[in-house]
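Q:
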Amino acid sequence: MARRDYSLLGPDAQRAVETGLAAAEWYHTDIPRAEMKALMARTDAPAIRDTAIWLGLMVAFAGIAIWLWPSWWSVPFWLAYGVLYGSASDSRWHECGHGTAFRTAWMNTAVYHLASFMIVRNPVTWRWSHARHHTDTIIVGRDPEIAAMRPPAAARMLLNFAGIPDIIAGLSRMLLNAAGRLDPEEATFVPVSEVPKVILVARIWTAIYAATIALALATQSILPLMVIGLPRLYGAWHFVLVGYLQHAGLADNVTDHRLNSRTVLMNPVSRFIYWNMNYHVEHHMFPMVPYHRLPDLHARIRHDLPAPAPSMWAAYREVLPVLLRQLRHEDAFLRRDLPPTARPYRAEFHADVSAGAPGVPAE
Amino acid sequence: MTDWTDACATDAIDPEDVVRFDHGGRTFALYRSPDDRWYCTDGLCTHEQVHLADGLVMDHLIECPKHNGQFDYRTGQAKRAPVCVNLRTYETRVDGDRVLVRIG
Ligand code: FES
Chain A
0 MARRDYSLLG PDAQRAVETG LAAAEWYHTD IPRAEMKALM ARTDAPAIRD TAIWLGLMVA
60 FAGIAIWLWP SWWSVPFWLA YGVLYGSASD SRWHECGHGT AFRTAWMNTA VYHLASFMIV
120 RNPVTWRWSH ARHHTDTIIV GRDPEIAAMR PPAAARMLLN FAGIPDIIAG LSRMLLNAAG
180 RLDPEEATFV PVSEVPKVIL VARIWTAIYA ATIALALATQ SILPLMVIGL PRLYGAWHFV
240 LVGYLQHAGL ADNVTDHRLN SRTVLMNPVS RFIYWNMNYH VEHHMFPMVP YHRLPDLHAR
300 IRHDLPAPAP SMWAAYREVL PVLLRQLRHE DAFLRRDLPP TARPYRAEFH ADVSAGAPGV
360 PAE
Chain B
0 MTDWTDACAT DAIDPEDVVR FDHGGRTFAL YRSPDDRWYC TDGLCTHEQV HLADGLVMDH
60 LIECPKHNGQ FDYRTGQAKR APVCVNLRTY ETRVDGDRVL VRIG
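Top to bottom, those sequences are chains A and B. Counting in numbering that gives the first Met the number 0, the first sequence runs from 0 upward without gaps. Counting in numbering that gives the first Met the number 0, the second sequence runs from 0 upward without gaps.
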């Protein structure tokens, strides 16, 4: 394959439409309707509990850190606060964007807006971006949310552990939107009717950041920015660490989430921060299932999925060699083997992937 | 009354649920609300043409299985992004143990 062009306006985007990869029909494991209905059912209780813990811990950690400031003893509390601000906001943005975390609509909306601010993703634009990610998951030229491109942009991927490329992109988009304009790529997936909302949110956020910076200048202290803004940098590492595992090193341009998404079993703390998005094949196959039912969904369909990675460590041991290989040979990827109980990949769509294409590590 | 089409038995849909109903080369979604009324809309989501019968009924909303957009199935009104275009709705009535739909 020629060098990949991830632009949503480039030749790969056009090719995906011409070859039927865009907005294609994707594979789903069969689940009887009654079971599916039970798995999709909504309730407020788990997300109210988790949100109270999340926000309660943030207030506690920030309070202690401010109290100890500027002593070095404040550092662990800032780090804990930072992860809840700069990483847990990613999963809250995600789940509440799907509208599945809570049953009550306003609760999803409130947490969605709060988390969007923390993670610096315009809540209007990113709702549409994420819809496209679900329609065209890891389809080159169509999916705007591919974190591990081929060949991997190694420096960018590493810098993102400190949130740097993301924050530059997020804040420059915010300022562009606040000036009343959209990036041309954004315009490919945000409907015209939604543009005023994009601009309004960007202006409100710009005002909040301006007030925070003004306070920092007035008090001659970075403390206000330690609470608002900077945790998106010093607390981003966890969501990046778990986020790369979602799709990195796996197939692209396929229409079966078993081939391009990864489920990783994780410790309970990471699962709380990540709101169970480690069950990523399951989430993509059935985005209607709330985060707190994903372990049940996993148990129900695991016979039809590749074996999950048993830990983050095991997953990285699988991913890193492929990413290194992709630096020289971008067509390399990891083919996921299915258990004997699974329905096979559809050969008509995935002949090269199923058989193992040249240069593909078949482990 | 020839414009009424027999869609299904009343017990073919659980309360607060939806089924797919195909007729004349078209596809529809047929709903039974929690208060035991029947409603019918076009079967495909107006966002990306996905079958709504695979979605979730909550009270008087149908949530699309693809991107979780929502419609009020009584009026067809789009209620949550990414759906922006309303669904077309069709009149229903119950005759004995059958649900009939007036397909225009
Ligand atoms: S296809 Fe229905 S919300 Fe996108």
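Even for Gly, the Cβ is constructed at its ideal location relative to N, Cα and C. Values in this document were obtained by computation on a predicted structure and should not be read as measured data.
1) Please report how far the alpha carbon of A:Ala235 lies from the alpha carbon of A:Ala250, in whole angstroms.
2) Shorter than 8 Å from the beta carbon of B:Pro33 to some beta carbon of chain A?
3) Do the stretch 7-24 of chain B and the stretch 37-46 of chain A meet, that is, are 3 or more Cβ pairs less than 8 Å apart?
4) Per DSSP, what kind of secondary structure is B:Met57 in: helix, strand or coil?
5) If you draw a straight line from the C-alpha of A:Ser269 to the C-alpha of A:Val191, how long is it?
6) Would you mind telling me which residues of chain B sit closer than 9 Å to A:His237, beta carbon to beta carbon, in chain order?
7) On the DSSP letters alone, give me the boundaries of the beta strand (DSSP E) that B:Val18 sits inside.
8) Just how far apart, CA to CA, sit B:Asp53 and A:Tyr315?
9) Report the option in A:Leu326, A:Ala21, A:Val288 and A:Ser90 whose CA atom is closest to the CA atom of A:Val139.
10) Quick one: is A:Arg342 near chain B, going by C-beta distance under 8 Å?
11) Taking 8 Å as the CB-CB limit, is A:Pro286 close to chain B?
12) Start and end of the beta strand (DSSP E) containing B:Ala6?
13) Are the stretch 156-167 of chain A and the stretch 125-144 of chain A touching by the rule of at least three beta carbon pairs closer than 8 Å?
14) With three or more C-beta pairs closer than 8 Å as the rule, is the stretch 109-124 of chain A touching the stretch 280-296 of chain A?
15) Among B:Pro64, B:Leu43 and B:Asp96, whose alpha-carbon lies nearest the alpha-carbon of B:Gly24?
16) Just the Cα atoms here: how many angstroms apart are A:Pro195 and A:Ala177?
17) If you compare alpha carbons, which of A:Pro183, A:Arg172 and A:Asp43 is closest to A:Val119?
18) Below 8 Å on C-beta distance, what does A:Ser363 contact in chain B?
19) Could you work out which residue in B:Met57, B:Thr40, B:His59 and B:Asp58 is closest to B:His50 when comparing CA atoms only?
20) Return yes when the Cβ of A:Ser6 is within less than 8 Å of the Cβ of A:Ala12, no when it is not.
21) Using CA atoms only, rank isn't needed, just tell me which of A:Met156, A:His283, A:Leu224 and A:Asn266 is closest to A:Trp68.
22) So B:Ala80 contacts chain A; which residues on that side make the cut at Cβ distance below 7 Å?
23) Starting from the beta carbon of A:Thr187, find every residue of chain B whose beta carbon is closer than 9 Å, and list them in chain order.
24) Of all Cβ atoms in chain B, is any one closer than 8 Å to the Cβ of A:Ala37?
25) Whole angstroms are fine: how far does the CA of B:Pro64 sit from the CA of A:Ala186?
26) Using the beta-carbon of each residue, which ones in chain A are nearer than 9 Å to B:Cys83?
27) Would you report the Cα separation of A:Leu323 and A:Trp125, rounded to the nearest angstrom?
28) Could you compute how far the alpha carbon of A:Ala361 sits from the alpha carbon of A:Ala247?
29) Go through its chain and collect everything with a Cβ distance to B:Glu90's Cβ below 8 Å, but skip five positions before and after it.
30) Which bits of chain B does A:Arg120 rub up against, with CB to CB less than 9 Å?
31) So is the beta-carbon of A:Cys95 under 7 Å away from any non-hydrogen atom of the ligand FES?
A: Inspection of the coordinates gives the following:
1) 26 Å
2) no
3) no
4) strand
5) 38 Å
6) Residues of chain B passing the Cβ test: none, with the nearest at roughly 25 Å.
7) Asp16 to His22
8) 35 Å
9) A:Ala21
10) no
11) yes
12) Trp3 to Ala8
13) no
14) no
15) B:Leu43
16) 10 Å
17) A:Arg172
18) Since the first residue of chain A shown is 0 and the last is 362, residue 363 of chain A is not available in this structure.
19) B:Thr40
20) yes
21) A:Leu224
22) Arg126
23) Neighbours of A:Thr187 on chain B: none; closest Cβ ~14 Å, over 9 Å.
24) no
25) 25 Å
26) Pro190, Ser192 and Glu193
27) 30 Å
28) Its pLDDT being 35, under 50, A:Ala361 is placed unreliably by the model, and nothing is read from it.
29) Cys39, Val100 and Arg101
30) Within chain B, no residue comes near A:Arg120; the closest Cβ sits about 15 Å away, beyond 9 Å.
31) no
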